[in-house]
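Written below as structure tokens is the structure these notes are about.
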Amino acid sequence: MVVVKTREEIELMRESALIVSKTLGVLAKEIKPGVTTLQLDKIAEEHIRDHGAEPGFLGLYDFPNTLCMSPNEQVVHGIPNGTPLEEGDIISIDCGALKNGFYGDHAYTFAIGNIDSEIEKLLQITKESLYVGIREFKANNRVGDVGYAIQHYCEAHGYGVVRELVGHGLGKKMHEDPEMPNYGRRGKGKKFVEGMVVAIEPMINMGTHKIKQHRDGWTITTLDKKPSAHFEHDVALVNGKPELLSTFAYIYEALGIESNEEAEFRQEALVL
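Residues in the sequence shown are numbered consecutively from 20, following the working numbering.
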């Protein structure tokens, strides 16, 4: 059952989402060759706790860490470890925070130094597909409209769209109804209604859409071992239109990137 949020609850969720956004911004300054994902995990946990929140993933379904850290061919749910990042790697970081009883949850795929141009294109298209999907999250549309838009955009570029892993509703639980697949048919699935909050998160592979789960019960990799990218935003339906609760602005500030990609999804300007 979809849990519709009040305006007041949406603002509490924005606070949780922005703690995640700021955490990813802090990590953006630290990500470089030689750094381990365990080091980044410790930084993230301290930052979240210092801002009056709890790590949303730590202990959730018995996950052992604050961050899901998924390099290169790992799709999602990678467990932080002591292996140093290397020049040319990519790393998908998925982060959650719980504050005031509500979760924030979003993700970004970072480049480590200079990366191959084909991998850079994968990151670009995957991030663009996120906004293609968000545009379809509006009054009277349905879940299938978002999934179709993301699938069509990514497959047109020759990429594989993961089927087994999906976005989701968000609120007092990390995973609520509805599930938000990155594939689907227009006009199918649950209808969007005012006050819904969802996490939309394309997980896109350079090669096949097929994946493999590893023996640790968490790590997911592409079946052909080609790279995978993952970007995620928290979005509320406000006045019939998508309203971003999360932002990549703190990441862009840390990396010196100028972007207005989020402007159309904010009914009020974001104040950093």
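The C-beta atom is built at its ideal place from N, Cα and C for all residues, glycine as well.
Indicate whether A218 and E251 have their beta-carbon atoms separated by less than 8 Å.
yes
Quick one: give me the first and last residue of the beta strand (DSSP E) that I134 is part of.
Counting along the chain, I134 falls outside any beta strand (DSSP E), and DSSP gives it neither H nor E.
Start-to-end residues for the alpha helix (DSSP H) that takes in G203
Segment: none, G203 is in no alpha helix (DSSP H) and carries neither H nor E.
Report the rounded CA-to-CA distance for R161 versus L256, giving the unit in angstroms.
12 Å
Counting beta carbon pairs with one atom in the segment 175-191 and one in the segment 219-227, are three or more of them shorter than 8 Å?
yes
Could you pull the start and end residues of the beta strand (DSSP E) that T240 belongs to?
239-241
For the candidate residues L59, S265, A168, H176, whose alpha-carbon lies nearest to that of S111?
L59
If you run the structure through DSSP and keep just helix, strand and coil, what is T145?
helix
Give the DSSP-derived three-state secondary structure of G120 in the structure shown.
coil
Spatial neighbours of E64 in its chain, beta-carbon cut-off 6 Å, leaving aside the 5 residues before and after:
P74, T85
Take G152 and list the residues in its own chain whose beta-carbon comes closer than 6 Å to its own, dropping the five residues that flank it on each side.
V165, A168, I169, I219
Coil, strand or helix - K48 by DSSP
helix
For G152, three-class secondary structure by DSSP:
helix
Residue environment, Q93, which counts as buried when at least 16 other CB atoms sit within 10 Å:
buried
Say whether the segment 33-52 touches the segment 265-285, bearing in mind that this needs 3 or more beta-carbon pairs closer than 8 Å, one atom from each stretch.
yes
Just grab the DSSP bridge partners of N165 for me.
Here the sequence assigns Val to residue 165, which means Asn is not the residue at that position. Per DSSP, none; premise fails for V165.
Please check the pair A130 and L142, which I expect to be a contact at CB under 8 Å, by giving their CB distance rounded to whole angstroms.
7 Å
Just to confirm, is the Cβ distance from L79 to M193 under 8 Å?
yes
Does the ligand ZN have even one heavy atom less than 7 Å from the beta-carbon of Y271?
With respect to the ligand ZN, the structure offers nothing, as it holds no ligand at all.
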